[in-house]
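Q: Those sequence lines, one after another, are chains A and B.
Okay, so the first sequence: first residue is 1 according to our numbering, each after it adds one.
Okay, so the second sequence: first residue is 1 according to our numbering, each after it adds one.
Cβ coordinates follow ideal geometry from the N, Cα and C atoms, glycine included.
It should be emphasised that the depicted structure is a prediction, and the values quoted were computed from it without experimental measurement.
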Amino acid sequence: MLSFIIRRLLIIIPMALLVVTLTWGLVRIAPGNFYSAEKKLPPAVEANIRKKYGLDQPWYTQYGMMMSNIVRGDFGDSLKYQGQSVNEIIWRHLPYSAVIGLLGYLLALALGLTAGTIAALKQNSGFDYGSMSLAMLGLSVPNFVLGPILVLIFSFWFYLLPPARWGGVSSIILPVITLSAIYAAYIARLTRAGMLEVMRSDYIRTARAKGLDEKTVLLRHAIRGGLIPVLSFTGPALAALLAGTVVVEKVFAIPGLGNIFIQAVLNRDEPLILGVVAFLSILIMIFNLIVDIAYGFLDPRIRYE
Amino acid sequence: MMALRKVSKFYVLMFFGSLLVNGCTSSANSRYFGKTVAPKDNILRYVTGSEPETLDPHISSGQPEARIYMAIYEGLVEYGPKDMQPIPSIAKSWEISSNVDEFVFHLRDNAKWSDGTPITANDFVYSFRRGFAADTLSSSTELGFFIKYAEAFNGGQVFVKKGDTFLLAKDFGGEEQKPSPGIGPDTDFHKFVQSPIRLTLDGDEKKRAKQIDADPKLKAAVAGAEFVEVKAEDIGVEAVDNYTLRVTLRQPAPFFIGLLAHQFFRLVPKQAIDKWGKEWSRKEHIVTCGAFRIKDIRPYDALILERDPNYWDAGNVHLDGIEFYPVEDNATILNLYKGGVIDAFLNHTVLTSWIDEAKKFKDEYMNFPENATAYYSFNVTKPPFNDIKLRKAFAMAVDNNALSDFRKVTKPLYDLTPSGIFPDYDKARAKVSEDLRKERNVSPDVLAKLGKFDAEQARKTLTEAGFPVQKNGDRYSCPTFPTDQVSLMFNTNENNRAIAEFVQAQWRQNLGVTVPLKSQEFKTFLKDRHEVQYIGLAQSLWSGDYMDPYTFLGLHYGYPNNGDTGFNDPKYNKMLDDANAELDPAKRYEMLARAEFYLMEQQPSIPLTINATNWMKKPYVKGMYPNPGTLIPWKFVYIEQDPTKWHKDIENVMIESDPQVEKQLQELTATQKAAK
Numbered sequence: 001m002l003s004f005i006i007r008r009l010l011i012i013i014p015m016a017l018l019v020v021t022l023t024w025g026l027v028r029i030a031p032g033n034f035y036s037a038e039k040k041l042p043p044a045v046e047a048n049i050r051k052k053y054g055l056d057q058p059w060y061t062q063y064g065m066m067m068s069n070i071v072r073g074d075f076g077d078s079l080k081y082q083g084q085s086v087n088e089i090i091w092r093h094l095p096y097s098a099v100i101g102l103l104g105y106l107l108a109l110a111l112g113l114t115a116g117t118i119a120a121l122k123q124n125s126g127f128d129y130g131s132m133s134l135a136m137l138g139l140s141v142p143n144f145v146l147g148p149i150l151v152l153i154f155s156f157w158f159y160l161l162p163p164a165r166w167g168g169v170s171s172i173i174l175p176v177i178t179l180s181a182i183y184a185a186y187i188a189r190l191t192r193a194g195m196l197e198v199m200r201s202d203y204i205r206t207a208r209a210k211g212l213d214e215k216t217v218l219l220r221h222a223i224r225g226g227l228i229p230v231l232s233f234t235g236p237a238l239a240a241l242l243a244g245t246v247v248v249e250k251v252f253a254i255p256g257l258g259n260i261f262i263q264a265v266l267n268r269d270e271p272l273i274l275g276v277v278a279f280l281s282i283l284i285m286i287f288n289l290i291v292d293i294a295y296g297f298l299d300p301r302i303r304y305e
Numbered sequence: 001m002m003a004l005r006k007v008s009k010f011y012v013l014m015f016f017g018s019l020l021v022n023g024c025t026s027s028a029n030s031r032y033f034g035k036t037v038a039p040k041d042n043i044l045r046y047v048t049g050s051e052p053e054t055l056d057p058h059i060s061s062g063q064p065e066a067r068i069y070m071a072i073y074e075g076l077v078e079y080g081p082k083d084m085q086p087i088p089s090i091a092k093s094w095e096i097s098s099n100v101d102e103f104v105f106h107l108r109d110n111a112k113w114s115d116g117t118p119i120t121a122n123d124f125v126y127s128f129r130r131g132f133a134a135d136t137l138s139s140s141t142e143l144g145f146f147i148k149y150a151e152a153f154n155g156g157q158v159f160v161k162k163g164d165t166f167l168l169a170k171d172f173g174g175e176e177q178k179p180s181p182g183i184g185p186d187t188d189f190h191k192f193v194q195s196p197i198r199l200t201l202d203g204d205e206k207k208r209a210k211q212i213d214a215d216p217k218l219k220a221a222v223a224g225a226e227f228v229e230v231k232a233e234d235i236g237v238e239a240v241d242n243y244t245l246r247v248t249l250r251q252p253a254p255f256f257i258g259l260l261a262h263q264f265f266r267l268v269p270k271q272a273i274d275k276w277g278k279e280w281s282r283k284e285h286i287v288t289c290g291a292f293r294i295k296d297i298r299p300y301d302a303l304i305l306e307r308d309p310n311y312w313d314a315g316n317v318h319l320d321g322i323e324f325y326p327v328e329d330n331a332t333i334l335n336l337y338k339g340g341v342i343d344a345f346l347n348h349t350v351l352t353s354w355i356d357e358a359k360k361f362k363d364e365y366m367n368f369p370e371n372a373t374a375y376y377s378f379n380v381t382k383p384p385f386n387d388i389k390l391r392k393a394f395a396m397a398v399d400n401n402a403l404s405d406f407r408k409v410t411k412p413l414y415d416l417t418p419s420g421i422f423p424d425y426d427k428a429r430a431k432v433s434e435d436l437r438k439e440r441n442v443s444p445d446v447l448a449k450l451g452k453f454d455a456e457q458a459r460k461t462l463t464e465a466g467f468p469v470q471k472n473g474d475r476y477s478c479p480t481f482p483t484d485q486v487s488l489m490f491n492t493n494e495n496n497r498a499i500a501e502f503v504q505a506q507w508r509q510n511l512g513v514t515v516p517l518k519s520q521e522f523k524t525f526l527k528d529r530h531e532v533q534y535i536g537l538a539q540s541l542w543s544g545d546y547m548d549p550y551t552f553l554g555l556h557y558g559y560p561n562n563g564d565t566g567f568n569d570p571k572y573n574k575m576l577d578d579a580n581a582e583l584d585p586a587k588r589y590e591m592l593a594r595a596e597f598y599l600m601e602q603q604p605s606i607p608l609t610i611n612a613t614n615w616m617k618k619p620y621v622k623g624m625y626p627n628p629g630t631l632i633p634w635k636f637v638y639i640e641q642d643p644t645k646w647h648k649d650i651e652n653v654m655i656e657s658d659p660q661v662e663k664q665l666q667e668l669t670a671t672q673k674a675a676k
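#1: Let me make sure I understand the geometry here. Which of B:299, B:212, B:393, B:179 has the alpha-carbon closest to that of residue 601 of chain B?
#2: Quick one: does residue 38 of chain A have its CB under 8 Å from some CB of chain B?
#3: If you draw a straight line from the alpha carbon of residue 444 of chain B to that of residue 437 of chain B, how long is it in whole angstroms?
#4: Between which two residues does the beta strand (DSSP E) holding residue 162 of chain B run?
#5: Who does residue 94 of chain B pair with in a DSSP beta bridge?
#6: Quick one, which of A:268, A:99, A:215, A:228 has its alpha-carbon nearest residue 294 of chain A's?
#7: Are residue 199 of chain B and residue 224 of chain B close, meaning C-beta to C-beta below 8 Å?
#8: Distance, Cα to Cα, residue 126 of chain B vs residue 269 of chain B?
#9: Round the Cβ separation of residue 243 of chain B and residue 608 of chain B to the nearest angstrom and send it over; I've been treating them as touching at under 8 Å.
#10: Along the chain, which unbroken stretches of the beta strand (DSSP E) at least 3 residues long are found entirely within the region 577 to 633 of chain B?
#11: Count the CB pairs spanning the region 475 to 483 of chain B and the region 502 to 514 of chain B that are closer than 8 Å, and state whether there are at least three.
#12: If the cut is a Cβ gap below 7 Å, which residues of chain B does residue 41 of chain A touch?
#13: Find out if the Cβ-Cβ distance for the pair residue 293 of chain B, residue 305 of chain B is shorter than 8 Å.
#14: Using CA coordinates, which residue listed in A:64, A:236, A:65, A:82 is at the minimum distance from residue 59 of chain B?
#15: Where does residue 122 of chain B sit, in a helix, a strand or coil, going by DSSP?
#16: Let me know the beta strand (DSSP E) ranges lying completely inside the region 171 to 245 of chain B, each 3 residues or longer, listed in chain order.
#17: So if I threshold CB-CB distances at 7 Å, which residues from the region 62 to 89 of chain A count as touching chain B?
#18: Comparing the C-beta of residue 135 of chain A with each C-beta of chain B, is any distance below 8 Å?
#19: Can you give me, in chain order, the residues of the region 299 to 311 of chain B that have a beta carbon less than 9 Å from any beta carbon in chain A?
#20: Hey, does residue 279 of chain A have any beta-carbon neighbour from chain B nearer than 8 Å?
#21: Please confirm whether residue 266 of chain A has its beta-carbon closer than 8 Å to some beta-carbon of chain B.
#22: Which residues mark the beginning and the end of the alpha helix (DSSP H) in which residue 77 of chain A is found?
#23: Helix, strand or coil: how does DSSP classify residue 78 of chain B here?
#24: Within the same chain, show all residues whose beta-carbon is closer than 8 Å to that of residue 431 of chain B, passing over the 5 residues directly before and after it, in chain order.
#25: Using a Cβ-Cβ distance cut-off of 8 Å, determine whether residue 35 of chain A contacts chain D.
#26: Less than 8 Å between CB atoms is the rule here; does residue 49 of chain B satisfy it with respect to chain A?
#27: Helix, strand or coil: which one does DSSP assign to residue 296 of chain B?
#28: Answer with buried or exposed for residue 216 of chain B, where buried requires no fewer than 16 other C-beta atoms within 10 angstroms of its C-beta.
#29: Can you tell me which of B:112, B:141, B:79, B:85 puts its alpha carbon nearest to the alpha carbon of residue 45 of chain A?
#30: With DSSP as the reference, please indicate the residues paired to residue 45 of chain B in a beta bridge.
#31: By DSSP, does residue 37 of chain B sit in helix, in strand, or in coil?
#32: Quick one: which residues of the region 213 to 234 of chain A get their C-beta closer than 9 Å to a C-beta of chain B? List them in chain order.
#33: Using a Cβ-Cβ cut-off of less than 9 Å, list which residues of the region 140 to 169 of chain B approach chain A; keep chain order.
#34: State the DSSP-derived secondary structure class of residue 554 of chain B, mapped to helix, strand or coil.
#35: So residue 471 of chain B is in the beta strand (DSSP E); what residue range does that whole segment cover?
#36: Looking at residue 628 of chain B: is its Cβ nearer than 8 Å to the Cβ of residue 252 of chain B?
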């Protein structure tokens, strides 16, 4: 088990560097520069900028310099936002995304697991049909539609919640609901399917045959097996949620990482792009590892070699 | 089934409930757009657009930053609140040499930085030199290249010294400066800066060698000469004394004073930059000199300003603070406005689909012309549009009036310079077109049609250019036109696509030619356009940098230029040079108008529309005007708590008199009688 974890952790670093290299290549292929704007720069000014940022060097020198800095954990300064380091920007904006993402995740889990489990237990009931239709709706309505609808209802009809911007508990209610809707819907459907399958399996029948009451059967035996598909979905989903969700951050003007990342790409802000990509890839790999470890606890048949 | 019934009951209730509430709120507030309550804390909340790149005014050239800089930094002059004409700021008055190439500014002696340090002429000398220094990496330096030797210093060039004398530019085909009487006391620096322009060569040895080899006369002259670096101290900026600043230009530039309100010419604090280097503009180090100072910086969320008690005119600053919110999504901005979270927002923000709704709010919606134009550039270097006839045919086939009706918030553009922005220039244009009509002996109606939409004439011209237009029923076709050699390129954006599709339809309908559309990501698009790599046509937008038609006419001046069409015409360049050397403003405008007329006859572009301001403000925000650049001098802005004094019918806001603003403006301009 421990050796499995160490092995997986060791692989994260070269993987992240590979991702950074590929991203660097893609950024370089994209036409345009961080300094290009509607107005052309005088040639002397452009030459000065290129010199200062080492853009006048051959590509392998630039790549070498970038890599040696990144290996030391230094992504350098943002090209667009002068005097701000990439590390500083990421750590400054991560909390916004993380708060929204984590709350959205918890809400989605709470709603999804409850609805999915009840729907599975009361298959073909009114609740089953009702909640699964709602889940279908949740899956099909994109968050850039749901967000504005919620704003219309809660900000303009009832004047209960602010329509956008960060500030206080009231400002995060709508983004969290918007964010969680699709995940809750997905989790509900996965839970329902997983639970239905498990409830029909032999070991549940055995548990019942032993004379266990329904509550114990459900909580001790069924849920663990039923959650495996949910787990493999929610692990990477949590990574994605924590690292920022572009659409929700845009609709609600939240200063999170997702927004920063998109702007960085549009601005061709290479150090910032690479920093966010490296951070995201490490985050996703770690969450995948956690999911893999968690499998072992939920399903005794899984062994780590 | 029980549960389902409950759920549906809840929704039915909610649906009717919401209708009820909606009905009530909209009827109660129908005069204003959403929640309209004047903030009691006397703090204005404004959306600036994208996140500011930096708070260093030398670095960023963007509009969102310009609005913020106007609150925290000052320069010699400030934009007037209504017309953006320069009004005194730290300079309380100025004198202009008879050649319009030298300016003496008299600074007020009570201006201070936010840390209490007095502001002197030396602060301006430092700021100007820093702006032009190569390692500052300013993207706006070009605006200041009128200042003598500024361009040479910025480009790292060298003077050529032979014995005790320097080679002069005029001996090698360079510009010749008319001898100027100069103004102010005659110092050693003044003697130097008033002497004929010295020759400057590239600072890079290899490039210089190439430059010298290419010119035999130059080669002979530089033999045995010494190359002397152009230094910051050589730029035509001088602190004559603590409160007198003299600026010397390399050529007459009658619009120069108006240029000085631009962020590039605002003061930066030497004391903070020396101490903190590039980190000087962080919250903990920043020193400012505007009406407001920094209270808090929360990137991507808010920039919080408070009134600066050290500001020289603090008594005339009405707001206690400003909160700038960087928000980019237009729908979100409108939601914030409707929800009463913000009091006003930046220009070009009301979405086309919202405009009809927004226009109903007559006390709030700002629909005024802007110092900005939209047009399509031709690539005049490549066939088929290297043929002027073809360019004319395509230009005549576009109905600008229909286009601006379709866009709802724009006015049609017929030339390069927008009409309605420079009233004196509009008069000059009318006079010149009448003069030209007489010179060419054509009737007024022929001239009126020139350059305007004329489908019949367009087809005729296209046929004459060798691409016959055929009529099939009520449609036209032009089978020989090489549509595979042209495209209409624009950057990916819903509005741009709508305009492109509209114009494409016009060509199809009027000429029978279907030009393919090409949508590109912004930076990719910019590269192709700047390098004139596109085929056919490319979309262009230009916002004027200052309040003079030259900000538009200069687009096609020299080469490479910002016109991005490949157009380069020595005759046009000379017409502009001659006009700028003219000292009589009325005559200069006429000469510029002639140049513009000449340029539009070459048709390097298809004029489309004059932008509209297209923003909103709550009726209780006063002293804030829809000027042609949406650049707001914040110290005039105030919040009116008394609803009877709120703005009504915003259409009249530019002509209506606001006694408080008038008085404030009068007091400011009283020190400079000659200021326009």
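A: The structure says:
#1: B:393
#2: yes
#3: 7 Å
#4: 158 to 162
#5: B:105
#6: A:228
#7: no
#8: 9 Å
#9: With 8 Å as the limit, residue 243 of chain B and residue 608 of chain B do not qualify as a contact, their Cβ atoms being about 48 Å apart.
#10: 605 to 612
#11: yes
#12: 139
#13: yes
#14: A:82
#15: helix
#16: 226 to 229, 237 to 241
#17: 80, 81, 82, 83
#18: no
#19: 299, 300, 301, 302
#20: no
#21: yes
#22: From DSSP, residue 77 of chain A is part of no alpha helix (DSSP H); its letter is neither H nor E.
#23: strand
#24: 590, 593
#25: Reference to chain D is not applicable here, since the protein chains of this structure are A and B.
#26: no
#27: strand
#28: exposed
#29: B:141
#30: B:323
#31: coil
#32: none
#33: 140, 141, 142, 145, 151, 154, 155, 156, 157
#34: helix
#35: 470 to 472
#36: no
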